[in-house]
Each structure stands twice: as structure tokens, then as C-alpha cells.
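A short write-up of the structure that comes next.
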């Protein structure tokens with residue numbers, strides 16, 4: 437992988453760790469190596485512009501690293517939005533997009549409202565079905581803010597994330613009813629058997645995931661779900677499609693007034709009477725921003741197994757690794 | 437209201453009844469009259485184009501009827517999408533948008549993928565807060581289909597709709613924990629006291645609603661939530677802001693192939709092993725399409741109280757009403 441592309445991937449993964457989204461951080465690196473070895477991720481691929489107009493582009497990622505393709509896509513969407521008011525970038529045949537909030541938040545820093553979504557292989561149940569049929573398709577929306585900073589929503593469409601199921605398994609804690617199915621499609625509360633998360637709010641979560649497959653994969657003629665659902669998992673190749681939309685706020689009004697209104701909305705909501713079960717009412721992305729501040733100052737705590745895996749990969753590749761404290 | 441505008445409102449309301457979404461049908465008419473009397477809905481207003489570019493428009497609805505403003509907005513978004521690949525229409529100061537699926541589905545009939553969302557006064561809890569702070573902001577996404585027809589998702593961001601709470605109240609059935617708060621912000625399972633629905637999947641539902649307020653109300657400089665949250669309900673004026681986005685599928689690939697892929701995806705998902713609790717696995721909008729077929733043939737069953745209210749309104753206005761069967 438070229439140095440600039442490797443730097444982009446590193447930037448996006450470390451950002452997720454800084455924000456506290458460790459499931460999308462450097463712990464993914466060994467999996468990225470597997471994807472390269474399997475031929476699913478092409479480290480030398482350059483995303484190519486295919487279709488282009490004043491307001492939109494189609495980028496063929498050619499199996500490039502997701503962060504490389506998505507960074508190019510969001511930059512293209514922002515550039516189009518500055519010209520045309522709104523910009524759309526569709527991304528075909530990318531790989532793991534990593535944390536979508538990175539791209540939307542970066543775009544918000546350039547004065548646009550940004551939306552990103554991605555479609556992947558089936559790993560979540562469809563409402564009413566007893567099998568993985570849609571992906572946990574993430575959706576992120578970010579807007580610039582004022583003194584309190586930008587607001588960024590970054591959510592999957594499952595009732596619970598796969599990362600949370602893995603955590604329950606590790607800790608051996610039973611999961612609530614309605615969270616997951618086992619491998620055979622039966623509802624389970626046993627964390628060792630929970631494999632397939634259920635969609636949030638039933639038909640809403642799986643409906644949203646299905647529409648994201650239509651808006652990305654089917655529009656760019658690279659269907660994922662219909663190609664994989666009902667086929668053996670073993671032969672599946674990792675692939676994703678995605679989209680990025682940017683809306684130029686300055687086209688419709690004064691960006692300074694917009695920023696002040698975002699602050700006012702945040703202050704209004706945060707001052708509401710609180711559910712005693714929570715310590716604070718938070719804006720979307722507020723916890724991540726606070727973790728980022730803390731971790732940028734104090735460092736990122738990495739579990740020993742992740743360090744070991746990274747050290748092992750570095751050794752295999754003959755590259756230097758910063759010394760890990762004992 | 438001019439005859440064409442009145443016809444548009446009637447078309448959108450009757451469509452909701454045909455689809456089985458009776459909560460958004462003609463039962464709203466008496467409420468629309470109240471809005472006109474209160475000065476919240478201006479029956480003579482003409483939506484005006486304010487900002488315009490190759491890819492986007494800002495429409496000031498000037499308190500016109502929601503269906504009039506949204507029909508104009510989606511038509512503008514579709515026209516821009518045909519030119520520029522993507523089209524955005526922002527709608528400022530509209531009134532009750534009615535069922536968003538009407539506009540996205542109509543747009544899908546013109547070969548685009550369509551998205552619509554709207555923001556309204558606070559009527560749903562924000563995650564962690566014990567008060568209504570965001571609206572149940574609906575989101576609709578539709579794509580053209582093939583033999584099986586288009587797919588249309590139309591969802592609110594609450595764990596349950598206000599219509600469903602009203603139904604539970606009418607039937608006196610207790611509601612599950614986690615569905616609603618009472619007027620004072622306390623969790624309740626008593627259908628007579630349930631007033632404020634909780635967001636779907638906690639922070640996801642209220643986060644989505646908050647972002648819709650930012651993307652619509654704040655971009656068009658007509659904030660609703662920050663103006664109303666914490667203020668007495670009595671003095672509140674009804675108002676909404678909205679957006680419509682259209683993406684021209686033909687710009688990125690063959691529309692015939694797209695339609696076949698939507699069908700293939702639907703067939704794949706519908707053929708999955710089924711949860712014994714459901715009779716069928718359905719696409720978003722499939723039940724509505726089937727109800728529409730049946731009701732277009734057999735008529736729309738209207739509850740007697742709704743008929744009586746409509747007859748009363750007609751008499752008051754001195755307009756003829758089709759005879760209601762005894």
C-alpha cells in the first residue's frame with residue numbers, strides 16, 4: 437500500500453480509538469491483512485471516478501481500502517456541494533469503510549451537513565426472518581456546530597451492535613431477550629450462542645438496512661445481499677458499497693447563525709429534566725468528542741491481545757513497531 | 437383554498453387511507469380546519485421558490501397545506517435530479533406534511549430513488565430526558581421496483597407511533613414498559629396516561645430526530661425545537677420543515693437492471709426461514725400496497741365518528757358530501 441493510502445487508513449482507525457469506538461480501531465488491522473491475503477482488499481488499487489456531473493460522482497473503489505475510498509468520496513461530495521448546493525458520491529466495490537463518523541465529521545468541519553451510509557454482507561436479521569439477511573448498515577449524519585462543537589450521529593441499524601454481542605460473550609453475561617439469534621436462527625439469551633443481532637425497532641431497522649442496500653449496492657450495480665443470502669458463508673468475499681452526501685449550509689442561510697442554532701438546540705435539550713438512570717443528557721457524538729479529548733491527552737488504552745496481534749503482524753512484515761510498554 | 441390545492445390535499449389524505457395508514461388519512465381534516473382557524477395553516481398561501489441552483493431549491497411554504505408544499509418540493513427535487521444526478525428541495529414553514537411515503541413513492545414512479553424527512557414540534561422523548569424534546573420525525577425512502585413493485589419505507593423515529601398509543605388508550609389495553617412517558621415525564625404502562633412515546637433504540641431514534649431538525653429546520657433558519665421545548669404547549673403554533681431528495685438511478689446504470697435487482701432482493705428476503713410469530717416476510721411498504729389494492733376495489737372502511745365529523749364540517753362550510761351509508 438502506498439504511504440499516503442496507508443496513512444489514510446491509519447488516521448481513520450486511530451480516530452476511532454481516540455473517540456472510544458475501539459471496535460472500529462486498530463484492532464481491525466489483522467483482519468485487514470486477512471482481507472489482503474484473500475484478495476478481497478487490493479492494497480494497490482486506486483479509486484477511479486466513473487460517472488461525473490456538477491452534483492454527483494460514482495467512484496469505483498476497485499477493492500481499495502475503505503478509508504481511502506471513503507475519504508475520496510466525501511471530498512468529492514463536499515466539492516460538488518460547494519458548487520451545486522448538494523453533492524453525492526456513490527462508492528462501488530469498496531472494503532470495510534471503518535467508522536463513518538470520521539468522514540461526516542470531517543465534512544462538517546468544512547461547513548457542510550454530511551450524510552454517509554454503507555452496505556455490507558448479511559450479518560443482521562430481517563424482521564420476521566430467522567436468518568441473517570441484511571447488514572447492520574451504518575448511517576452517519578453530521579452538522580457543524582458552534583462553541584459546543586459539531587453534532588455527529590453514527591449508528592448501526594441493529595438493536596445492538598455485533599461488538600456489543602462479542603463483549604457479552606467475553607464477559608459471559610446473558611443478553612436480554614430480543615437482542616439476537618443463534619447461528620441456526622433461533623432466538624437466544626446465551627451470549628456464547630448469540631451470533632445474529634436483531635434489527636432496531638423490528639421492521640424499521642431492517643427496512644432501513646434494506647433501503648441502504650438499494651441506495652448504494654443496487655444503484656451502483658454491485659448487489660451484495662441477493663448474491664450472498666442463502667449461500668454458504670465460507671465462499672463469501674468481503675465487499676461493501678457506500679454513499680456520501682454533502683449539503684452546503686451557506687447556500688441556504690448564514691453559517692454563523694446555523695452554528696449558533698445548533699448550540700442553542702444542544703443547550704435546550706441538555707437542560708431537560710433527566711432520567712435518573714443517566715448521568716447526563718448527551719448530543720449525538722458528545723461522548724466520543726469527550727473521549728477524544730481525554731485520549732488525545734492521556735493516550736489510548738489498548739488491550740494486551742490487540743498489542744500482541746499488532747506486534748506479531750509487524751514482525752511478520754518486517755516493519756518497526758513503537759515499543760509497547762511491558 | 438384553490439381547487440387544485442384542495443385536490444392535492446384530498447389526494448394525499450385519501451392515499452393514506454387507501455394504504456391503510458388511517459392515522460394520516462381524512463380523519464385529519466377536522467384538525468386541518470382548526471389549523472386554518474388558528475392561522476397556522478394559510479389556505480391561500482402559494483409555496484415560493486427562494487434559493488435555486490442546478491441541484492437544489494429552497495421552497496418557502498408560507499404555511500401552505502403540507503401536501504401542497506411537499507408535492508411541489510418533491511417535483512422540484514425530481515426535476516433537479518434529472519438534470520444534475522441528485523436533487524434537493526428544502527421546505528421552510530410548511531404545515532403537517534401528511535404521509536411522506538406518498539411523495540417518495542410518486543417520485544419512485546418517475547425513476548428516481550427518493551428520500552423525504554420532516555421536523556415538527558416536540559412530541560417524543562429525547563434519550564435520557566424525561567420530557568418531549570424532539571418530534572417523531574418521519575423518514576421515508578423509496579426506490580422503483582420491477583414486477584413486485586416499488587419498495588417504500590416510511591417510519592417515525594419513535595419506538596411506537598402516537599397513533600398506536602391512541603389506539604391502546606381507546607381499547608384500554610396496557611402498553612409494554614419502555615414505550616411511553618406520561619405528561620409529567622414518568623414512565624408508564626397505563627394507556628390512559630401514556631402521552632410521550634420513547635425513541636426507537638434509545639439514542640438512535642432521538643439522535644435521528646435531532647439530526648432531522650438540524651438538516652431541515654436549522655438549515656432553512658426556522659428552528660422549531662429550541663423555540664418550543666420548555667415553553668407551554670398552549671401557546672405553540674403548529675409548523676413543520678421538511679426536505680426531499682431525489683437520485684436519478686439512470687445516471688449511474690441501467691434502470692431495467694436496477695428494477696430486476698430490487699425484485700431479486702425482495703424474492704431472496706421473502707423466501708427466508710420465517711419467525712413462527714409472523715405469517716409472511718414483507719418488504720417495506722408491501723402491506724400498504726396490498727391494502728391499497730383491496731381498498732381501491734372494495735372501498736375504505738371509515739369509522740362512524742370520522743364520518744360524522746366530516747359531515748359536520750361539510751355542513752358548517754355549506755358544501756355537499758357524498759351520502760354516507762346508514
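Protein chains in written order, with the working numbering: chain C, 437 to 762; chain B, 437 to 762.
Just so it is clear, CB atoms sit at the ideal spot from N, CA and C, and this is done for glycine as well.
The structure presented is a predicted model; accordingly, all values stated were derived computationally and were not measured.
- Secondary structure within the region 459-490 of chain C: the beta strand (DSSP E) runs of 3 or more consecutive residues, fully enclosed, are 484-488 (chain order).
- DSSP links residue 530 (chain C) through a beta bridge to C:676.
- At least one CB of chain B lies nearer than 7 Å to the CB of residue 577 (chain C).
- Residue burial is scored here from C-beta neighbours: residue 492 (chain B) has at least 16 other C-beta atoms within 10 angstroms and is therefore classed as buried.
- At a cut-off of 7 Å between beta-carbon atoms, residue 697 (chain C) makes contact with chain B.
- The C-alpha of residue 720 (chain C) lies about 12 Å from the C-alpha of residue 541 (chain C).
- Secondary structure of residue 630 (chain B) (DSSP, three-state): coil.
- Chain B has a Cβ within less than 7 Å of the Cβ of residue 643 (chain C).
- Residues of the region 477-493 of chain C with a C-beta less than 7 Å from any C-beta of chain B: 487, 489, 490, 491, 492, listed in chain order.
- Looking from the CA of residue 622 (chain B), the closest CA among B:566, B:645, B:585 belongs to B:566.
- Interface annotation for the region 540-551 of chain C against chain B: 549, 551, criterion Cβ-Cβ distance under 9 Å.
- An exposed status is given to residue 757 (chain C), since fewer than 16 other beta-carbon atoms sit within 10 Å of its beta-carbon.
- Counting other Cβ atoms within 10 Å of its Cβ, residue 739 (chain B) stays below 16 and is therefore classed as exposed.
- The region 683-690 of chain B makes no contact with the region 656-664 of chain B; the number of CB pairs closer than 8 Å stays below 3.
- For a cut-off of 8 Å, the C-beta gap from residue 534 (chain C) to residue 452 (chain C) is around 6 Å, short enough to register as a contact.
- Between residue 618 (chain C) and residue 609 (chain C) a beta carbon distance of about 16 Å is seen, past the 8 Å cut, so the two are scored as non-contacting.
- With respect to the 7 Å criterion, residue 677 (chain C) and residue 653 (chain C) are classified as neighbours on the basis of their beta carbons.
- Positions of the alpha helix (DSSP H) runs, each at least 4 residues long and wholly inside the region 499-580 of chain B, are given as 502-520, 536-544 in order along the chain.
- Per DSSP, residue 669 (chain C) lies in no alpha helix (DSSP H) segment and is marked neither H nor E.
- By the neighbour-count definition (other C-beta atoms within 10 Å, threshold 16), residue 640 (chain B) is a buried residue.
- Taken atom to atom, the span from the alpha-carbon of residue 559 (chain C) to that of residue 633 (chain C) is near 8 Å.
- Looking at the backbone, the Cα of residue 476 (chain B) and that of residue 529 (chain B) are separated by about 10 Å.
- At least one CB of chain B lies nearer than 7 Å to the CB of residue 705 (chain C).
- By the Cβ criterion, the region 733-752 of chain C is not in contact with the region 689-702 of chain B, since fewer than three pairs of Cβ atoms, one from each stretch, lie closer than 8 Å.
- Residues of the region 635-660 of chain B with a C-beta atom less than 8 Å from some C-beta of chain C are 636, 637, 639, 640, 641, 643, 644, 646, 647, 649, 650, 651, 654, 655, 656, 657, 659, listed in chain order.
- Remark: fewer than three beta-carbon pairs, one from each stretch, lie closer than 8 Å, so the region 439-459 of chain B and the region 470-486 of chain C are not flagged as touching.
- Per DSSP, residue 719 (chain C) is not a residue of any alpha helix (DSSP H), being assigned neither H nor E.
- Ranked by Cα distance from residue 564 (chain C), the first of C:582, C:588, C:635 is C:635.
- Identification of residues in the region 716-742 of chain B having a C-beta nearer than 8 Å to some C-beta of chain C yields 716, 717, 718, 719, 720, given in sequence order.
- Taking C-beta atoms as the reference points, residue 538 (chain C) and residue 552 (chain C) fail to come closer than 7 Å.
- Note on geometry: alpha-carbon atoms of residue 544 (chain B) and residue 582 (chain B) lie some 11 Å from one another.
- Under DSSP, the beta-bridge partners assigned to residue 594 (chain B) are B:635.
- Residue 665 (chain C) has a beta carbon lying within less than 7 Å of a beta carbon in chain B.
- At a cut-off of 7 Å between beta carbons, residue 569 (chain B) contacts chain C.
- In terms of CA proximity to residue 516 (chain B), B:494 leads the group B:700, B:494, B:499.
- The C-beta distance from residue 527 (chain C) to residue 688 (chain B) rounds to 11 Å, too long to meet the 8 Å contact threshold.
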